[in-house]
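Asker: Under mature numbering (1 follows the signal peptide of the UniProt record, and there is no 0), residues -21 to -1, 1 to 175 are what the sequence shown spells out, in order.
The beta carbon of each residue, even a glycine, is placed where N, CA and C say it ideally should be.
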Amino acid sequence: MNYKACVFVVFLVFGFFKMNAQNDVDLASDSKGTYLKGNVVTLLVAMPHIGLETGLSKKWTFQIDAIASFWNSVDGAPLQFLIVTPEFRYYFKERFKGFYVGGHIAGTTFKLSKFFRGNNGYEQGFGYTAGATIGIQKRLSDRFNIDIFLGGGTHQAFYKGYNKASGERVDGVVRYNKSGEWLPYRGGVMLAYKLN
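#1: Does DSSP put L22 in a helix, in a strand, or in coil?
#2: Looking at the structure shown, is F41 part of a helix, part of a strand, or coil, going by DSSP?
#3: Going by DSSP, name the residue or residues bridged to D126.
#4: With a threshold of 8 Å, are at least 3 pairs of Cβ atoms found where one atom belongs to the region 31 to 51 and the other to the region 69 to 82?
#5: Are V168 and I115 touching if we call contact CB-CB under 8 Å?
#6: Could you name each continuous beta strand (DSSP E) segment of 3 residues or more that falls completely within the region 70 to 101, going from the start of the chain to the end?
#7: G110 by DSSP, collapsed to three states: which one?
#8: Would you call the CB atoms of F75 and Y14 closer than 8 Å?
#9: For the beta strand (DSSP E) that G34 lies in, which residues bound it at each end?
#10: Measuring straight from C-alpha to C-alpha, what distance separates I46 and V153?
#11: So, is I57 buried or exposed, given that buried needs 16 or more other C-beta atoms within 10 angstroms?
#12: Determine the burial state of K93: buried for a count of at least 16 other Cβ atoms within 10 Å of its Cβ, exposed for fewer.
#13: Alpha carbons only, please: which of G110, W161, G159 and F71 is nearest the one belonging to residue 225?
#14: What's the call for A171, buried or exposed, on a 16-neighbour Cβ count within 10 Å?
#15: Output needed for K139: all residues of its chain with C-beta closer than 8 Å, excluding positions within five of it in sequence on either side, in chain order.
#16: Taking C-alpha atoms, which residue in E32, S36, F60 and S120 lies nearest to E66?
#17: Please report how far the alpha carbon of W50 lies from the alpha carbon of L61, in whole angstroms.
#18: Taking only the alpha-carbon atoms, compute the straight-line gap between I29 and L162 and give it to the nearest angstrom.
#19: Classify L61 as helix, strand or coil using the three-state DSSP reduction.
#20: Rounded to whole angstroms, what is the Cα-Cα separation between G131 and M26?
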């Protein structure tokens, strides 16, 4: 996908929500609130995914989160990555309660091997994602919430290909290979603890 079109769509979505949020600035009723979050689903596969979400207005929040894998896959192939995602979220009822939609642009770095038979290489590089998240957040107690979400969009990658055994570059490209995909890349169940 053309990155200019992707950036245009993201700014269009943010602009729409910004216009709808003009009357949504009353914070006098209570504090904005900030939650520390951890994804219990990714923790089960030893990939920590932590985040911080803070209230901006009655229906708007900002979340920044990171997910990482520091390991190789079960067959010894590289499966290492880091994704850092800043995201603006719009709650239809009230911040931290009920259904929401979010828009984000994230940075990625990776060292991965594609999962198909006979692959003796890996790719190492960086990229960015631009997309959206949908989810629902429910209150469990005064201090705890649960956040169930799914997100996706486009991932644009810039990488170099290497041989697993020798570590030599094998792709024959001078600078970087490039690829772009549309796919789901976020999701899970986050347990959130209210800090203030």
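Answerer: Working from what's here:
#1: In the three-state scheme derived from DSSP, where H, G and I count as helix and E and B as strand, L22 is classed as helix.
#2: Note: F41 maps to strand in three-state DSSP.
#3: Q116 and M169, per the DSSP bridge assignment.
#4: In this structure the region 31 to 51 touches the region 69 to 82; the number of beta carbon pairs closer than 8 Å is three or more.
#5: Cβ atoms of V168 and I115: not closer than 8 Å.
#6: Fully enclosed beta strand (DSSP E) runs of no fewer than 3 residues occupy 77 to 91 of the region 70 to 101, in order along the chain.
#7: Residue state, collapsed to three classes: strand.
#8: Against a cut-off of 8 Å, the Cβ pair of Y14 and F75 comes out as a contact.
#9: That run of the beta strand (DSSP E) goes H28 to G34.
#10: So the alpha carbons of these two residues sit roughly 30 Å apart.
#11: For the record, residue 57 in the displayed sequence is Pro; it is not Ile. Buried is the call here.
#12: Exposed, since its Cβ has fewer than 16 Cβ neighbours within 10 Å.
#13: Lying outside -21 to 175, the shown extent of the chain, residue 225 is not represented and no answer is given.
#14: The residue in question, A171, is buried, as its Cβ has 16 or more Cβ neighbours within 10 Å.
#15: Cβ neighbours of K139 beyond the five flanking positions: E102, Q103, G104, R148, D150, V152, Y155 and N156.
#16: Nearest of E32, S36, F60 and S120 to E66, Cα basis: E32.
#17: Taking the straight line from one Cα to the other gives about 11 Å.
#18: Counting only the Cα atoms, L162 lies some 21 Å from I29.
#19: The answer is strand: DSSP assigns L61 an E or B state.
#20: So the alpha carbons of these two residues sit roughly 18 Å apart.
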